[in-house]
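Worksheet for the structure shown next.
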Ligand code: PEP
Ligand code: MN
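Structure follows, in structure tokens:
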């Protein structure tokens, strides 16, 4: 249920509705909009009678919400969420490009790649300090040292940084260094991690689980919003299918559906979908054409020597081409 307040409802009228909702044992979540406030009703086990609130002073309407996800839904918030990270805005009308290596391998490696990302046209620097690897015998990331290198990249190049958090135990540490905290495909339904992310002061980039339906993905995002963190960016990164010509199958059909269903920004990671660098540029163009608000791409100056995901990492010149073409495509679609 969504209680939509009048444009000129007073703070006292809003507060009275909040109290009326809470007195019935539900949670009230005020959502400030462009010109009016709406109040979401959460934690109701069954349907709520609209008549309970529709007649209260200052109330314009009380609308039933039909989706299982509420706070992430456009039914509750019709206007797009814009997320500000330093001087970068993520969301409708903007095209944000994040580039960097799969993993931080050394300070020199990170600095070299960051310079290429910056001059190539990237807005944010990505890189893993804690790596979720399929094999326990492969490089697991530099941990805290890697996070400190990322902070140095941010300060040197004036670029916000995005990095993955793998568990609740290291959340405080990652959040201290990251501008955006990433939750990876393998953790999309790690509900205790999602609850912790809901309490974070940082924006969270939630990657789609490799076998997750749209509904499961949005319900995972709902956990974060329900915890109080409204700054969630969704990231499509390919799903498992039967094909062998790519590592995963980039599900671009999910982009227009997310744009319709949710007010949250949606970006695409073509690198982990493709698994090979030749597919990354065409898939990036297609992502922007489908309406994505941004891209996250792996870049390495010496991909043959990368400790992870070298085969899908772009050379710096390819990344610069990608940025140029993606912006051209985006500008064309803004007309
Ligand atoms: C990553 O972006 O570093 C990563 C591990 O991606 P995913 O969770 O999509 O596999
Ligand atoms: Mn990777």
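Numbering (my numbering), first residue to last: 4 to 338. Backbone N, C-alpha and C fix where the C-beta goes; we use that ideal spot for every residue, glycine too.
Proximal residues to residue i (C-beta, below 6 Å), its chain only, five neighbours per side dropped
| i | result |
| --- | --- |
| residue 3 | With the chain covering 4 to 338 only, the question about residue 3 has no answer from this structure. |
| residue 150 | 132, 180 |
| residue 66 | 5 |
| residue 326 | 100, 123, 124 |
| residue 287 | 273, 298, 325, 329 |
| residue 53 | 65 |
| residue 187 | 135, 167, 210 |
| residue 12 | 61 |
| residue 89 | 163 |
| residue 72 | 221, 222, 225 |
| residue 306 | 313, 316 |
| residue 47 | 29 |
| residue 15 | none |
| residue 284 | 325 |
Any non-hydrogen atom of the ligand PEP closer than 8 Å to residue i Cβ
| i | result |
| --- | --- |
| residue 167 | yes |
Own chain, CB closer than 8 Å to residue i, minus 5 neighbours either side, in chain order
| i | result |
| --- | --- |
| residue 17 | 8, 33, 40, 42, 61 |
| residue 214 | 242, 243 |
| residue 279 | 249, 250, 314, 315 |
| residue 95 | 83, 85, 268, 296 |
| residue 143 | 133, 134, 136 |
| residue 158 | none |
| residue 228 | 74, 75, 201, 235 |
| residue 153 | 107, 113, 128, 130, 132, 164, 166, 180, 181 |
Sequence-distant residues of the same chain with beta carbon closer than 7 Å to residue i, five excluded per side
| i | result |
| --- | --- |
| residue 165 | 101, 127, 129, 181, 182, 183, 185, 208 |
| residue 347 | Limits of the chain in this structure are 4 at one end and 338 at the other, which puts residue 347 out of reach. |
| residue 289 | 255 |
| residue 63 | 7, 8, 9 |
| residue 308 | none |
| residue 302 | 102, 103, 104, 116, 119, 120, 316, 317, 319, 322 |
| residue 91 | 99, 126, 127, 163 |
| residue 231 | 201, 202 |
| residue 171 | 195, 196, 199 |
| residue 189 | 135 |
Whole-angstrom C-beta distance between residue j and residue i, which should lie under 8 Å
| i | j | result |
| --- | --- | --- |
| residue 199 | residue 174 | 5 Å |
| residue 160 | residue 121 | 5 Å |
| residue 310 | residue 106 | 6 Å |
| residue 258 | residue 252 | The Cβ separation is near 14 Å, so there is no contact. |
| residue 339 | residue 192 | Only positions 4 to 338 of the chain appear in the structure, and residue 339 is not among them; the question remains open. |
| residue 176 | residue 147 | 6 Å |
| residue 2 | residue 21 | Here the chain has residues from 4 to 338 only, and residue 2 is not among them. |
| residue 156 | residue 217 | About 34 Å; that fails the 8 Å criterion. |
| residue 77 | residue 266 | 5 Å |
| residue 294 | residue 262 | 5 Å |
| residue 332 | residue 277 | That pair is no contact at about 18 Å. |
Residue-chain proximity (residue i, chain D), Cβ-Cβ < 9 Å
| i | result |
| --- | --- |
| residue 237 | The chain inventory of the structure shown lacks chain D, comprising one protein chain alone. |
Which residues, in chain order, sit with a beta-carbon under 5 Å away from any heavy atom of the ligand MN? 105, 312
May I have a chain-ordered list of the beta strand (DSSP E) segments no shorter than 3 residues that lie completely inside the region 139-188? 164-167, 183-186
Neighbouring residues (CB closer than 5 Å to any heavy atom of the ligand PEP): 131, 187, 188, 210, 240, 275
For the region 197-252, list the alpha helix (DSSP H) runs that are entirely contained and at least 4 residues long, ordered along the chain. 217-229
Taking only runs that begin and end inside the region 104-129, name each unbroken beta strand (DSSP E) of 3 or more residues, in chain order. 127-129
In chain order, which beta strand (DSSP E) runs of at least 3 residues are fully inside the region 286-321? 297-301
I'd like the ranges of any beta strand (DSSP E) spanning at least 3 consecutive residues and lying wholly in the region 54-106. 62-66, 86-88, 91-93, 99-103
Length-filtered (3 minimum) beta strand (DSSP E) runs lying within the region 17-43: 30-35
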